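Student: My questions will all concern the structure given below.
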Amino acid sequence: MMIQFVVLSMFQLTLKGVALPGVLRIAEVEEPFFRCWLLSILLEDEVPQHSPPVSMLVCSRAILASGSPKFPRVIRPSGGTPVHLYTDDVDEQTMQQLINLSRSRMVVGYVAAMPDVHLGKGATIGSVFASRDFVCPNAVGVDIGCGMCAVKVPGLTRLGLSETFLVKLHGQLVQRIPTGFNSHEKASPEMRGAMKRLMEEHNPTAHARGVSPAGGPLKLLELARWVAATILLNYFTIEEENIWLMLHSGSRNIGNVTAQYYDGLAARQTGTSKENLAHLAIASEAGQDYLRDMHFCQAYAMENRKFMMNSFVGNGRVCWHGCRADLLAVVGAVRDLTGKARKGQLGIIPGSMGTGSYITRGKGESMAWSSCSHGAGRKLSRNAAKRVVGVGELNEMMEGIVWDSNAAKLVRDEAPVAYKDLNEVMMNQEDLVEVVHKLKPLMNMKGY
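Throughout the sequence shown, residue numbering follows mature numbering (1 follows the signal peptide of the UniProt record, and there is no 0), covering -19 to -1, 1 to 429 in sequence.
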């Protein structure tokens, strides 16, 4: 009997309609507890007759990729699985959290810690792990569907791109792309149609249907007003003479409420506390409900990015979608799909609002669960950043970048100094991914 294999990550691998390499094949299967898509990783044209049954659950803020000569540093905790570190920048609390994770009954094989790893609430941010039978809502996180989209803007180059033009463009983007809960009150027919389609395709539970992006229950058409209502980071970047638009967004309140609800349910079922490593059995009704609602949140977040990007330039060329659960079967070896950068696959690694970002290509390193960092990773918590970063200091950090300096007090938690050195993070994973484009910010628009 083939054991089901669930993969959760901070980026979505969209299985339907994706052109996959020749060694990959998609098959639809029916099981007693759920209907799923299996991504069979084939060593030959046909599935081997005696393939070992393997199954796992991966939770990570990662893009698929490959290992480094310097890394991993392997830690072998007593009573736990090995921990593979892809950085030397791990504080004591984060290390203890990784060890606690390695000792969880969920984990199979090993825990991998990406270069952006840092302390989380129960689950370590930047960690990757496998599990046969369980799903952990807290490990997936609250911003379900958090992801990025980047597009090279045709016909627009750095030459002649004045600061005056960027300031004007920033104002136009603020008008065209919603960035908060109280914007774009009128839903367009396209938004209503998109939400209706998402409801039909993903059939979320009654709990998810009663949650709006702004909080509280709303009717279907009212809920549709919020399809395009979120954006977290929006980089207007330059690579050589080419101009790129990059955005970073998630599911906001819908994902948060969904995560909190199922984390509480898991805590009650396992006799633990919330914001820990409480988990649900994949085969249980609650586990299946969570996966169903999570897929809905992911699809909602993806629609947000489509609406936002189309508001400016059309379809993105590179698009990552996260916090996903896919049901997979693996032939020959235990493997994860934590992100959108398997060997040869493009990915996005964003920096802070004032530093560069990267378009990458994954290398598929098995010791890292074929993963890499989601970004630079926090060095300071949001509260700590707000305590130590002043408005004047943030304005200095953003010098040379067009942005809304009037909002400096509100976005101090996103200051560049709150994050690890992105160049060092990239060096630590130089064998996990190769750099395709290095982008630097010219203009930034932050939703708050």
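Don't be surprised by glycine CBs; every beta carbon is placed ideally from N, CA and C.
Predicted model only: the values in this text are computed from it and were never measured.
1) At the level of alpha carbons, what is the spacing between HIS83 and ALA259?
2) Helix, strand or coil for PHE146? Go by DSSP, reduced to three states.
3) At what residues does the alpha helix (DSSP H) containing ASN364 begin and finish?
4) Given a cut-off of 7 angstroms, decide if PRO422 and SER333 are closer than it, judged by their beta-carbon atoms.
5) Touching or not, the segment 138 to 150 and the segment 250 to 259, by the rule of three or more beta carbon pairs under 8 angstroms?
6) Here's the rule I'm using: 16 or more other beta-carbon atoms within 10 Å means buried, otherwise exposed. How should GLY136 be labelled?
7) Where DSSP assigns a beta bridge to HIS418, which residues make up the other side?
8) For ASN223, I'd like the list of residues in its chain whose CB is within less than 6 angstroms of its CB, leaving aside the five on either flank, ordered along the chain.
9) Is it right to say VAL88 is buried, meaning 16 or more other beta carbons lie within 10 angstroms of its own, or is it exposed?
10) Under 7 angstroms, do SER292 and ARG157 count as touching if we go by C-beta distance?
11) Using a Cβ-Cβ cut-off of 7 angstroms (strictly less than) and excluding sequence neighbours within five positions of ILE382, which residues of its own chain qualify?
12) Select from CYS127, ALA93, HIS188 and ILE80 the residue whose C-alpha is nearest the C-alpha of GLN410.
13) Pull up the distance between the alpha-carbon of HIS276 and that of HIS183, whole angstroms please.
14) From SER386 to GLY101, what does the alpha carbon distance come to, in whole angstroms?
15) What are the residues that DSSP puts in a beta bridge with VAL132?
16) Taking 6 angstroms as the line, does the beta carbon of LEU150 fall inside it for any heavy atom of the ligand NAD?
17) Grouping DSSP H, G and I as helix and E and B as strand, with all else coil, what is LEU413?
18) Whole angstroms is fine: what's the gap from VAL414's alpha carbon to ARG342's?
19) Below 8 angstroms, can you find three or more Cβ-Cβ pairs linking the segment 258 to 274 to the segment 112 to 125?
20) In chain order, what residues of the same chain lie with their CB nearer than 6 angstroms to the CB of LEU246, ignoring the 5 residues before and after it?
21) According to DSSP, is GLY428 part of a helix, a strand, or is it coil?
22) Could you work out which residue in THR75, HIS355, GLN241 and GLU374 is closest to ILE330 when comparing CA atoms only?
23) Enumerate in chain order the residues of its own chain whose CB-to-CB distance from ALA366 is below 7 angstroms, with the five nearest sequence positions on each side excluded.
24) Can you have a look at LEU375 and say buried or exposed, based on whether 16 or more other CB atoms are within 10 angstroms of its CB?
25) Which partner residues does TYR400 have in the DSSP bridge list?
26) Which residues bound the beta strand (DSSP E) around GLY101?
27) Could you say which of VAL192, HIS99, PRO63 and GLY373 lies nearest to GLN241 if we only look at CA atoms?
28) For THR75, which three-state DSSP category applies?
29) When you compare each of LEU154, MET76, GLY61 and ARG57 to GLY428 by their alpha carbons, which one comes out closest?
30) Name the two residues that bound the continuous beta strand (DSSP E) containing HIS65.
31) What's the call for MET408, buried or exposed, on a 16-neighbour Cβ count within 10 Å?
32) Quick one: grab the DSSP three-state call for LYS324.
33) With C-beta atoms as the reference, is VAL406 less than 7 angstroms away from PRO96?
34) Going by C-alpha to C-alpha distance, which of VAL55, HIS99 and LYS149 sits closest to GLU73?
Tutor: According to the structure data:
1) Contrary to the premise, residue 83 reads as Ser rather than His in this sequence. SER83 and ALA259: Cα-Cα distance of roughly 14 angstroms.
2) helix
3) The continuous alpha helix (DSSP H) containing ASN364 extends over residues 363 to 369.
4) no
5) no
6) exposed
7) According to the DSSP secondary-structure assignment, HIS418 is paired through a beta bridge with ILE340.
8) Shown here for ASN223: same chain residues with a beta carbon closer than 6 angstroms to its own, the five before and five after excluded, namely LYS133 in chain order.
9) buried
10) yes
11) Result list for ILE382: GLY335, PRO422, LEU423, MET424 and ASN425, in chain order.
12) When each option's Cα is compared against that of GLN410, the closest is ALA93.
13) 7 angstroms
14) Our two residues, SER386 and GLY101, have alpha carbons roughly 29 angstroms apart in a direct line.
15) LEU226
16) The ligand content of the structure shown is nil, which means the ligand NAD is not present either.
17) Of the three classes helix, strand and coil, the one that applies to LEU413 here is coil, per DSSP.
18) 5 angstroms
19) Touching, yes, given that three or more Cβ pairs across the two stretches are closer than 8 angstroms.
20) ALA267
21) coil
22) HIS355
23) ARG393, ASP394, ALA396 and ALA399
24) buried
25) ARG359
26) In the DSSP assignment, GLY101 falls outside any beta strand (DSSP E), carrying neither H nor E.
27) VAL192
28) Secondary structure at THR75: helix, using DSSP grouped into helix, strand and coil.
29) LEU154
30) 64 to 66
31) exposed
32) strand
33) In this structure, PRO96 lies closer than 7 angstroms to VAL406 by Cβ.
34) HIS99
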